[in-house]
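To start, the structure under review is shown below, and the notes come after it.
In UniProt numbering, the protein residues as written are 1 to 154.
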C-alpha cells in the first residue's frame, strides 16, 4: 500500500503522528485540502489499513519522570515451544510495555519504563531473569525520546 501513497497522504500521516487529535479543519488547512476532501483521504487510509487505529500515550504527568529501558533478550533455543512459553510469560507482566520477536543478534526486544535504576533492578531480578528460556539480558537506559522533543518544537 505504501507505494500508492502520494505526498498529501504522507503529509496527513506525518501530522497524525505528531498530533492525532488535530482537528480536521486544521489538518485540511495544513495539507492544502478542503475539510471534506481531507476527511475522505483519512477514511480511505483507515479502510485500506494504512491507519490502523488511534491511541493515547499515557505518561505519569511529569515530563521526564520515567526512564525507558530497552532490553535485548536471548533465549536458550528458538523453537516454537520456547517462543510461545516466553511470550505467554511476558504477557503476564504489565511492566513490560512492548515485546518484539526480532531477527539478528537478539531473539526479543522489550521496553519497560521505570522511575529509577533501582526500580529496574527489581524488574530485572523478579521478572526478566525468571522468564522461561532466557540465557542473556542486555539492557540500555534511554537518555531522552528525540521524537518527543521534535513534536514539542513544531
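We put the beta carbon where it would ideally sit given N, CA and C, even for glycine.
Cα-Cα separation between residue 111 and residue 105, rounded to whole angstroms: 17 Å
Residue from 27, 21, 18 and 44 whose Cα sits closest to the Cα of residue 4: 44
Three-state secondary structure (DSSP) of residue 29: helix
Backbone CA spacing between residue 81 and residue 87 [nearest angstrom]: 10 Å
Residues near residue 13 by beta carbon distance below 6 Å, same chain, minus five either side: none
Bridge partner(s) assigned by DSSP for residue 140: 70
Collapsed DSSP secondary structure at residue 18 in the structure displayed: helix
Burial state of residue 143 (16 or more Cβ within 10 Å): exposed
Sub-8 Å separation of residue 8 and residue 33 beta-carbons: yes
Alpha-carbon spacing of residue 92 relative to residue 54, whole angstroms: 24 Å
Start and end residues, alpha helix (DSSP H) containing residue 90: 80-91
For residue 85 and residue 132, believed in contact at Cβ under 8 Å, the rounded distance: 5 Å
Same chain, Cβ closer than 7 Å to residue 20, five either side skipped, listed in chain order: 54
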